[in-house]
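Please read the structure below before turning to the comments.
Residue numbers (the UniProt record's numbering), protein chains in the order written: chain C, 1 to 258; chain A, 1 to 68; chain R, 1 to 302.
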């Protein structure tokens, strides 16, 4: 346990020194602000850009608060996921490539400690960044468009965070398999995007899919209820996370470190 | 977008974005100076960080810095 | 007491055999040189012993442990090209590695100070490793390898990347370290092996050619030799001497010949008489013994 804490603290320190704890939350705050602000200014932007014949009246219904928050969710689900995966894809791959993994793992360290210490750090920074981004979006939405209850916000955040953890576990898993960080990131993103698309177009067959968690986030915001397959997809997600952590451990144990 | 009058509400709303972008650029520059090696020449990253707002620093942090 | 015994150890990559049926063992407390030219398989052997590579076949037995057990807690390992977290300071890295090897916080701190002093980089302890020179990284590498008092220290080419001055210092350091622990280090320079180690394992093309103590090797392989320096025209006359009973072999170089003989007294008289009778012009005549260098060259070429 003490050894695990040493590994964990080292990851924390690294993420402080390379400013991940600074830039990731800041970028997420901007992501959270973008949609409420652009929705708020849209009529005026269209006005200003012009091009419409004099006297044209554009009817733009003011969007509902829930709709604006949903747009923020999509933003965090798209750009947010992209950025967090790019920021984490090298977490094991780069250490293997540079030879640091070999330097450290010749010491008597169970590989599972190495993997899980990294996993928890990456998940932590991902979920905290998501939180600051999401709460910024919620706050701006509440100020500019009317309130969405804080309780609903929190509930949907927790589900959102589980989805993020799943995505980051995938990243760790592929980072353990591939020496080139870019490959790990690319494959992770491909899987996440395909999973989301498949879940969208054939929802009936994909009721188990971790991407259903995103649906539950949306339906919580819009109608205040969890999506249909929530509990099933939650169980599958948790199982997959555990399986991938064990998988990454087994794979690294059998890899030859250079 | 000179059509949007810079009333005080707008300034209040947009100010945080500007401040955060400046902080991001500064942090990226500090890191660029301190880091041993980057993928590609450092002067290129200097330009990217300075002239591409928001995405410049993000690009630098995600794919520019090479550090163990 | 045997500390490490390796039996029929092989490692192949696809079809290529990097190490072939390596069998050797050595005693606790010895300093052993793994000597061979570049690409002989030294690094592969060390990495298998350190647990970084899995042997294709063969056994590694350490003291009372089971065959092919996880030996990481007994072993300190310095790779040929050590790498570090550039963003850490030297002191931070040593403490980190110390705690990973189950030292308590205070013990890790104390060991860090001791080791920084031992390897001579105390002045740079609070500098980021990214700013260290190659020699300083090598020293830090040695420090991290011995932080947990390993029973067996594996050093992969510890001096080959260093300038003569750094080389000298690291060799002295190894001499100091071998008082407390068993050391196996690889090198492609015979002088390094002769200077610090008691045993030598010579390897070429993945096969162990010689494994013995340096003392024994000197006894067994040093042969009586007469060294004659002459001019090119006269060399033909020397060639006939191979047929003499007393001469075992003659190795010619440009202007000289190493005549390896079975009976030095007899050979000396015979050769000197021949030189006088045939009026062979010589620049130098020397009676001596072959060196380990000659053995090494013979093993590597043959």
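Just so it is clear, CB atoms sit at the ideal spot from N, CA and C, and this is done for glycine as well.
Query, Result
"Distance between residue 58 (chain R) and residue 24 (chain R) (C-alpha atoms, nearest Å)", "12 Å"
"Nearest residue (CA-CA) to residue 143 (chain C), options C:4, C:33, C:14, C:204", "C:33"
"Length of the line joining the Cα atoms of residue 105 (chain R) and residue 114 (chain R)", "14 Å"
"Distance between residue 87 (chain C) and residue 26 (chain A) (C-alpha atoms, nearest Å)", "19 Å"
"Neighbouring residues, chain R, relative to residue 3 (chain C) (Cβ below 9 Å)", "99, 100, 101, 102"
"Under 9 Å from the C-beta of residue 22 (chain C): neighbouring residues of chain A", "23, 24, 27"
"Alpha-carbon spacing of residue 65 (chain A) relative to residue 184 (chain C), whole angstroms", "17 Å"
"DSSP state of residue 82 (chain C) mapped onto helix, strand, coil", "helix"
"Residue ranges of each beta strand (DSSP E) within the segment 202-261 of chain R, 3 or longer", "207-213, 224-230, 247-252, 256-261"
"Coarse secondary structure for residue 233 (chain C), derived from DSSP in three states", "helix"
"Residues bridged to residue 77 (chain R) [DSSP beta-bridge criterion]", "R:154"
"Spatial neighbours of residue 188 (chain C) in its chain, beta-carbon cut-off 6 Å, leaving aside the 5 residues before and after", "85, 170, 171, 174"
"For residue 284 (chain R): DSSP bridge partner residues", "R:229"
"Reference residue 121 (chain C); option with closest CA among C:20, C:75, C:1", "C:20"
"N-terminal and C-terminal residue of the beta strand (DSSP E) that residue 58 (chain R) is part of", "57-62"
"Delimiting residues of the alpha helix (DSSP H) encompassing residue 22 (chain C)", "20-49"
"With 16 other Cβ atoms within 10 Å as the buried cut-off, status of residue 204 (chain R)", "buried"
"Cβ distance (whole Å) where residue 69 (chain R) is taken to contact residue 45 (chain R) below 8 Å", "Contact doesn't hold; Cβ gap of about 17 Å is too wide."
"Residue 183 (chain R) - containing beta strand (DSSP E), residue span", "182-187"
"CB of residue 280 (chain R) within 7 Å of CB of residue 234 (chain R), strictly", "yes"
"Proximity below 7 Å, CB of residue 57 (chain A) to CB of residue 24 (chain A)", "yes"
"Inter-residue CB distance, residue 97 (chain R) and residue 28 (chain R) (contact presumed, cutoff 8 Å)", "Not really, about 24 Å apart at Cβ, beyond 8 Å."
"Inter-residue Cα distance where the pair is residue 233 (chain C) and residue 54 (chain R)", "39 Å"
"C-alpha distance - residue 7 (chain A) paired with residue 20 (chain A), whole-angstrom precision", "20 Å"
"Classification of residue 239 (chain R) by the beta-carbon crowding that lies within 10 angstroms, buried from 16 upward", "exposed"
"Residue 84 (chain R), DSSP secondary structure in three states", "coil"
"Cβ-Cβ separation, residue 213 (chain C) to residue 262 (chain C) (assumed contact under 8 Å), whole Å", "There is no way to answer for residue 262 (chain C), as the model of chain C reaches only from 1 to 258."
"Min CB distance residue 83 (chain R) to chain C below 7 Å", "yes"
"Segment contact, 8 Å Cβ cut-off, at least three pairs: the segment 123-130 of chain R with the segment 35-45 of chain R", "no"
"Integer-rounded CB distance, given that residue 85 (chain R) should sit under 8 Å from residue 142 (chain R)", "Wrong, their Cβ atoms sit about 17 Å apart, outside the cutoff."
"C-beta atoms of residue 132 (chain C) and residue 29 (chain C) nearer than 7 Å", "yes"
"Alpha-carbon spacing of residue 218 (chain C) relative to residue 243 (chain C), whole angstroms", "27 Å"
"Residue 140 (chain C): first and last residue of the uninterrupted alpha helix (DSSP H) it sits in", "111-145"
"Proximity below 7 Å, CB of residue 296 (chain R) to CB of residue 190 (chain R)", "yes"
"Where the alpha helix (DSSP H) containing residue 165 (chain R) begins and where it ends", "164-177"
"Heavy atom of the ligand MN within 6 Å of residue 163 (chain C) beta-carbon", "By its list of ligands, the structure shown contains no ligand whatsoever, and the ligand MN lies outside what it can speak to."
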